[in-house]
Amino acid sequence: MKRLAKWRLISLFAILALVLSGCSGERFVSALRPAGEVADMQYDLMKLSTFVMVGVIVVVMIIFIIIFFRFRRKDESIPKQVEGSHKLEIIWTVIPILLLLILAVPTVATTFHLADVSPMEKKNSKVLTINVRSHLYWWDFEYPGQKLVTSQELVVPTNEKVYFNLKSMDIKHSFWIPAVGGKLDTNTDNINKFWLEFDDKRANEAGNLFYGKCAELCGPSHALMDFKVKAISRDKFDAWVTAMQGIKEPQKAQGDLAVQGQELFNQSCIGCHAVTSENKMPETARTAPNLTNFGDRSRVAGILDHNKEKLKEWISNPETYKPGNLMTGKYPKMSDQQLDALAEYLMGLKVQE
């Protein structure tokens with residue numbers, strides 16, 4: 000019975016490992032499916048360390064098996080003692096040193112390469128720099144060179160380095176796009192800097208959409224602090240920037256229901272949410288996501304399907320979907336007609352057809 004129980008437990012773990020190995024494969028959220036230069040380098044380091052560790056285990060097991068069978072005790076005689084063998088001591092001292100060098104040299108070289116953000120710090124630099132600001136539980140993305148601000152969905156060009164300034168506006172979070180590289184903490188008292196590069200071919204395979212997460216435990220909705228990354232060609236990125244720069248004033252609602260929604264938005268929501276891409280408010284005053292291009296997004300609140308029904312559910316009771324969020328209780332309860340009107344207006348906030 001004990002043996003049967005052990006085999007059941009082993010079978011359970013084997014099935015669990017098989018199931019978990021298939022998680023997130025289609026959505027490009029795995030660090031084991033690299034989609035950029037940084038992710039490639041980190042993946043190569045993971046493979047190198049894994050090969051070294053597996054190699055050590057294999058060699059040790061082979062030596063163990065040989066010794067187990069070859070030097071089994073057959074009589075009462077005492078085997079030859081090898082204490083103080085200079086040859087053996089040199090071998091088991093030199094081999095770990097060599098293994099450490101094999102791991103340390105590429106790791107240190109890669110670390111210094113990934114830490115090089117000098118291009119973004121040069122005067123009149125032309126590289127794309129994005130200021131990432133983390134909040135409970137959403138993300139703010141500012142493009143200072145383009146004078147744009149957006150939220151929850153990061154838009155970047157492919158096949159070029161994109162530089163990031165990371166900071167938190169409340170508590171410690173961590174910016175991570177598993178398939179492309181990272182992660183790096185966002186702190187309240189300093190700005191962390193790094194760069195990523197998004198591979199065009201693998202972006203196309205992923206439908207030009209990657210998934211980012213907060214990788215630092217930050218509260219009850221930590222696991223729901225997601226954001227999306229649209230990786231598109233430079234031409235399409237420039238077109239997106241041009242379209243966004245054209246939204247200097249709130250877009251006019253189309254249709255009677257949307258007009259009612261805009262009036263409701265101006266009464267209840269505009270104190271926290273901006274609907275212009277430039278968003279001249281200082282970053283410390285940005286208490287809620289920018290909604291300029293809300294209709295173009297792929298998720299509501301970063302986690303729900305992007306449709307009117309889910310949007311109305313989110314507005315009705317955000318605490319149900321993101322416990323501890325700062326939107327709960329900021330506006331009066333709305334009727335079904337008000338929710339329909341507000342959803343109609345918000346889903347119409349689009350900058351590109």
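Residues in the sequence shown are numbered consecutively from 0, following numbering that gives the first Met the number 0.
Ideal placement from N, C-alpha and C gives every residue a C-beta, glycine not left out.
The model shown is predicted, which means the values in this text are computed figures rather than measured ones.
- Message: I'd like the ranges of any alpha helix (DSSP H) spanning at least 4 consecutive residues and lying wholly in the segment 85-118.
- Response: 85-113
- Message: By the three-class DSSP mapping on this structure, what secondary structure does residue 24 have?
- Response: For the purposes of this step, residue 24 is identified with residue 25 of the sequence shown, where counting begins at 1. Unreliable placement is indicated for residue 24, whose pLDDT of 49 sits below 50; no coordinate value is reported for it.
- Item | Helix, strand or coil at residue 230 according to DSSP, with G and I counted as helix | Here residue 230 refers to the residue found at position 231 of the sequence shown. In this structure, residue 230 counts as strand in the three-state DSSP scheme.
- Provide the residue span of the alpha helix (DSSP H) that contains residue 307, from first to last. Here the question's residue 307 lines up with position 308 in the sequence shown. Taken as a continuous stretch (DSSP letters only), the alpha helix (DSSP H) holding residue 307 covers 307-315.
- Item | Which of helix, strand or coil DSSP assigns to residue 31 | Numbered from its first residue, the sequence shown carries residue 31 at position 32. Residue 31: coil per DSSP, three-state reduction.
- Message: Below 8 Å on the Cβ atoms is my contact criterion, and I expect residue 70 with residue 78 to pass it. Report the Cβ-Cβ distance as a whole number of Å.
- Response: Counting from one through the sequence shown, the residue named residue 70 turns up at place 71. Counting from one through the sequence shown, the residue named residue 78 turns up at place 79. With 8 Å as the limit, residue 70 and residue 78 qualify as a contact, their Cβ atoms being about 7 Å apart.
- Query: On the three-state DSSP scale, how would you describe residue 378?
  - Reply: Past the edges of the chain, shown from 0 to 352, lies residue 378, and the structure says nothing about it.
- Item | residue 203 (DSSP reduced to helix, strand or coil) | Position 204 of the sequence shown, counting from 1, holds the residue named residue 203. Helix at residue 203.
- Item | Straight-line gap, residue 317 to residue 29 (C-alpha atoms, nearest Å) | The count along the sequence shown starts at 1 and reaches residue 317 at position 318. The count along the sequence shown starts at 1 and reaches residue 29 at position 30. Their backbone Cα atoms lie some 28 Å apart in a straight line.
- First through last residue of the alpha helix (DSSP H) which encompasses residue 58: Numbered from its first residue, the sequence shown carries residue 58 at position 59. Run containing residue 58: 36-69, per the alpha helix (DSSP H) assignment.
- Cβ-based burial, residue 203 [other Cβ within 10 Å; buried from 16]: Working through the sequence shown from its first residue, we reach residue 203 at position 204. So residue 203 counts as exposed.
- Message: Using only CA atoms, which one of 95, 290, 341 and 216 lies nearest to residue 308?
- Response: In the sequence shown, counting from the first residue as 1, residue 308 sits at position 309. Nearest of 95, 290, 341 and 216 to residue 308, Cα basis: 341.
- Go through its chain and collect everything with a Cβ distance to residue 32's Cβ below 6 Å, but skip five positions before and after it. Against the sequence shown, residue 32 aligns to sequence position 33. These residues qualify, in order along the chain: 178.
- Message: Using a 10 Å radius around the Cβ and a threshold of 16 neighbouring Cβ atoms, would you call residue 324 buried or exposed?
- Response: Counting from one through the sequence shown, the residue named residue 324 turns up at place 325. Classification of residue 324: buried, given that the 10 Å Cβ count is 16 or more.
- Go ahead and pull the three-state DSSP assignment for residue 142. Here residue 142 refers to the residue found at position 143 when the sequence shown is read from its first residue. In this structure, residue 142 counts as strand in the three-state DSSP scheme.
- Task: Apply the 10 Å Cβ neighbour rule to residue 289 and answer buried if 16 or more other Cβ atoms are within range, or exposed otherwise.
- Result: Position 290 of the sequence shown holds residue 289. With 16 or more Cβ atoms within 10 Å of its Cβ, residue 289 is classed as buried.
- Query: Do residue 147 and residue 163 have their C-beta atoms closer together than 9 Å?
  - Reply: To locate residue 147, count along the sequence shown from 1; it is residue 148. To locate residue 163, count along the sequence shown from 1; it is residue 164. Not a contact, by the Cβ cut-off of 9 Å.
- 7 Å CB neighbourhood of residue 157 in its chain, flanking five on each side removed: Here residue 157 refers to the residue found at position 158 of the sequence shown. Hits under 7 Å: 197, 198, 199, 202, 230, 231 and 232.
- Item | CA-to-CA distance, residue 141 to residue 281, given in whole angstroms | Your numbering for residue 281 matches position 282 in the sequence shown. Your numbering for residue 141 matches position 142 in the sequence shown. The straight-line gap from Cα to Cα measures roughly 11 Å.
- Message: Taking its Cβ as the centre, do 16 or more other Cβ atoms sit within 10 Å of residue 193, making it buried, or is it exposed?
- Response: By 1-based counting over the sequence shown, the position of residue 193 is 194. When all chains shown are included, residue 193 counts as buried.
- Query: Given a threshold of 16 other Cβ atoms within 10 Å of its Cβ, counted over all protein chains shown, does residue 278 qualify as buried or as exposed?
  - Reply: As a first step, residue 278 must be located in the sequence shown, where it is residue number 279. Answer is buried; the Cβ neighbour count reaches 16.
- Task: Can you give me the Cβ contacts of residue 271 inside the same chain, cut-off strictly under 6 Å, excluding the 5 residues immediately before and after it?
- Result: Start at 1 with the first residue of the sequence shown, and residue 271 comes out as number 272. For residue 271, where only same-chain residues beyond five positions count, the Cβ hits under 6 Å are 286 and 287.
- Task: Just mark residue 96 as buried or exposed, buried being the case when its beta carbon has 16 or more other beta carbons within 10 Å.
- Result: Within the sequence shown, residue 96 is the residue found at index 97, counting from 1. That one is exposed.
- Quick one: any contact between the segment 328-339 and the segment 262-269, if contact means 3 or more CB pairs under 8 Å? yes
- Query: Considering only residues of the same chain and omitting the five flanking positions on each side of residue 116, which have a CB-CB separation below 8 Å?
  - Reply: Indexing the sequence shown from 1 puts residue 116 at position 117. Excluding positions up to five away in sequence, the list reads 162, 192, 193 and 194.
- Query: Residues in its own chain within less than 7 Å of residue 326 by CB, not counting five upstream and five downstream?
  - Reply: Position 327 of the sequence shown holds residue 326. The answer, listed in chain order, is 287 and 317.
- Task: Measure the Cβ-Cβ separation of residue 225 and residue 211 and say whether it is below 9 Å.
- Result: As a position in the sequence shown, residue 225 is number 226, starting the count at 1. As a position in the sequence shown, residue 211 is number 212, starting the count at 1. The answer is yes: Cβ separation under 9 Å.
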